[in-house]
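Numbering (our numbering), first residue to last: -14 to 100.
Glycine residues also receive a C-beta, built at the ideal position from the N, C-alpha and C atoms.
Treat the numbers as computed from the prediction; the structure is a model and nothing was measured.
For reference, the structure discussed in these notes is given below.
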């Protein structure tokens, strides 16, 4: 009985450590696919909000997440209407990217924040 408890405890600890390590890794060094997806989400939402006057959450649901890619379904965006900026990322904080609206020019994806 004692051996079984040690095995279960060790397995649970290893599982938790693996999940925490995986989340830390994906947050610090996200795969390129996540950065591309967040850039796509930021650009589409930016253009539709600032040029077409649509609601950000409606654009996210109908235009970005509609294709059904599981990664796009987990994208979250925040819109700063004062600065004309849209931030997007997986769950809102993993692999983030941003798009900036400039009058007369439209929206530009600026991965390093320097639009």
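Original post:
Taking the alpha-carbon positions, what's the residue 75 to residue 48 distance?
Top reply: 16 angstroms
Original post:
For residue 70, does the count of other Cβ atoms within 10 angstroms reach 16, so buried, or fall short, so exposed?
Top reply: A buried status is given to residue 70, since no fewer than 16 other beta-carbon atoms sit within 10 Å of its beta-carbon.
Original post:
Looking at the structure shown, is residue -12 part of a helix, part of a strand, or coil, going by DSSP?
Top reply: In the three-state DSSP reduction, residue -12 falls in the helix class (H, G or I).
Subject >> The beta strand (DSSP E) enclosing residue 69, as first and last residue numbers >> reply: Membership of residue 69 in any beta strand (DSSP E) is not indicated, and neither H nor E is assigned to it by DSSP.
Original post:
Which residues share a DSSP beta bridge with residue 61?
Top reply: 74
**OP:** Could you tell me which residues DSSP puts in a beta bridge with residue 91?
**Re:** For residue 91, the beta-bridge partners assigned by DSSP are 87.
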